[in-house]
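Remarks on the structure that follows.
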Amino acid sequence: PQLLESEEVQKLFPADVIARARCIIDELPGKTTGAYTESKGLRCMREEVAHYIHARDGHPANIDHIYLTNGASAGVKMALNIMIRDEKDAVMVPIPQYPLYTATLAMLGGTFIPYYLNEEQGWSLSVEELQRAVDEAKAKGKISLTHHDAPTPALPPLSPLPSTHIQSQTCLPNLLMCIHLVVCVKLACMHLPSFYHRTALQ
Numbered sequence: 213p214q215l216l217e218s219e220e221v222q223k224l225f226p227a228d229v230i231a232r233a234r235c236i237i238d239e240l241p242g243k244t245t246g247a248y249t250e251s252k253g254l255r256c257m258r259e260e261v262a263h264y265i266h267a268r269d270g271h272p273a274n275i276d277h278i279y280l281t282n283g284a285s286a287g288v289k290m291a292l293n294i295m296i297r298d299e300k301d302a303v304m305v306p307i308p309q310y311p312l313y314t315a316t317l318a319m320l321g322g323t324f325i326p327y328y329l330n331e332e333q334g335w336s337l338s339v340e341e342l343q344r345a346v347d348e349a350k351a352k353g354k355i356s357l358t359h360h361d362a363p364t365p366a367l368p369p370l371s372p373l374p375s376t377h378i379q380s381q382t383c384l385p386n387l388l389m390c391i392h393l394v395v396c397v398k399l400a401c402m403h404l405p406s407f408y409h410r411t412a413l414q
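Under the working numbering, residues 213 to 414 are what the sequence shown spells out, in order.
Below you can see the structure in the form of structure tokens.
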């Protein structure tokens, strides 16, 4: 906090940035950056995220359901760590893929089940291809804790990376009704039209 009063800081940063930093510090336990914070992240920051979601999507967000992580890798690891016990727990990953998922699965001892995006249709998602991958996982005896030990794999990333394809509005409802998967959606691009976010979160 003392740094905010120094002349060097006053010269380096705009006044609104310094004022914002003061507001954040005032919300910290003990009003210092050295204090221990909640595992979910600073409450004042989670409140800001909740306000942003409400303004963007038009419905309230519960700050107790918001976790702030040190980047996407930490968030993915946290989510998969909850689901994975051993190699019998399978996670479906789209191909082409961002290697974060398979690397984290290997570290946690889970099983990687690939499903392939349709390049001819702009890397779109095929329900038939997902069903093929699900049947393959079931045949191998793979299960998921996220589905009450039913022999159904979890499906994490419906991310626009690395193929940059954005799935249609009907993609997720059709997917859920057809296969009844547990879906973890990574919203990688925050500046897309808001209906993409609502479709994913609903």
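All C-beta atoms, glycine included, are put in the ideal place defined by N, C-alpha and C.
Asked, Found
"Proximity of Leu280 and Met257 at Cβ, strictly below 7 Å", "yes"
"In DSSP terms, what Pro306 is bridged to", "Tyr327"
"Per-residue DSSP class, three states only, for Ser285", "helix"
"Cβ shell of Ile230 (< 8 Å), same chain only, five flanking positions each side left out", "Leu216, Val221 and Gln222"
"Alpha-carbon to alpha-carbon, Val288 and Lys300", "19 Å"
"Member of Pro311, Asn274, Glu332 and Ile307 whose CA lies at the smallest distance from the CA of Leu342", "Ile307"
"Given Tyr327 as reference, the closest of Met304, Thr314 and Tyr310 once Cα atoms are compared", "Met304"
"Separation of Ala227 from Ala302, as counted between CA atoms", "51 Å"
"Whether Ala273 touches Ala291 by CB criterion (7 Å)", "no"
"Burial state of Ala345 (16 or more Cβ within 10 Å)", "buried"
"Enclosing alpha helix (DSSP H) for Thr314 [first to last residue]", "Leu312 to Leu320"
"Per DSSP, cross-strand counterpart(s) of Ser338", "Paired residues: none, contrary to the question."
"Buried or exposed (CB count within 10 angstroms, at least 16 for buried), Ala362", "Bear in mind that a pLDDT of 40 at Ala362, under 50, signals an unreliable position, so the number given afterwards is only what the model happens to contain. Flag for Ala362 reads exposed."
"Classification of Gln214 by the beta-carbon crowding that lies within 10 angstroms, buried from 16 upward", "exposed"
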